[in-house]
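In case it helps, my numbering puts the sequence shown at residues 120 to 233.
Where is the CB? At the ideal position from N, CA and C, for every residue including glycine.
What you are looking at is a predicted structure, and each value in this text was computed from that prediction instead of being measured.
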Amino acid sequence: MDESVDLQDHRDDLQDHRDDLQDHRDDLQDHRDDLQDHRDDLQDHRDDLQDHRDDLQDHRDDLQDHRDDLQDHRDDLQDHRDDLQDHRDDLQDHRDDLQDHRDDPPFLPNHCKC
């Protein structure tokens, strides 16, 4: 009977060993799953950071567009000021011409300067 008890003990030990191995496999798989979850979380974080970088670049681009628009507006205003000054200059030239004409009228035949 000792042999049968020894065999049964041996079988039980083997089964315990198999169970331990399966537990170890399960633990390893859990660890792999956790690692994959961590990798996924890291990738999500990288994606979020890239999205944030893209948003910042879009914002920078929008700001530059706004600066460009403001500069265009300033340029347009300066052009308008220049046009107004040209117009003032033309008006002054015209006034000067009129005054010259008044001061020295052209000779008109049959016109008496009495």
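In whole angstroms, what separates the C-alpha of residue 158 from that of residue 176?
Approximately 27 Å, taken between the alpha carbons.
Boundaries of the alpha helix (DSSP H) in which residue 146 is found, first to last residue:
Its alpha helix (DSSP H) spans residues 121-222.
Residue 191 versus residue 185 - alpha carbon distance:
A straight line joining the alpha-carbon of residue 191 with that of residue 185 spans about 10 Å.
Rounded to whole angstroms, what's the CA-CA distance from residue 167 to residue 187? Just pull it up for me.
Counting only the Cα atoms, residue 187 lies some 30 Å from residue 167.
Test: residue 201 CB closer than 8 Å to a CB of chain D:
In summary, chain D is missing from the structure at hand, where a single protein chain is found.
At the level of alpha carbons, what is the spacing between residue 108 and residue 161?
It is not possible to answer for residue 108, since the shown part of the chain is limited to 120 through 233.
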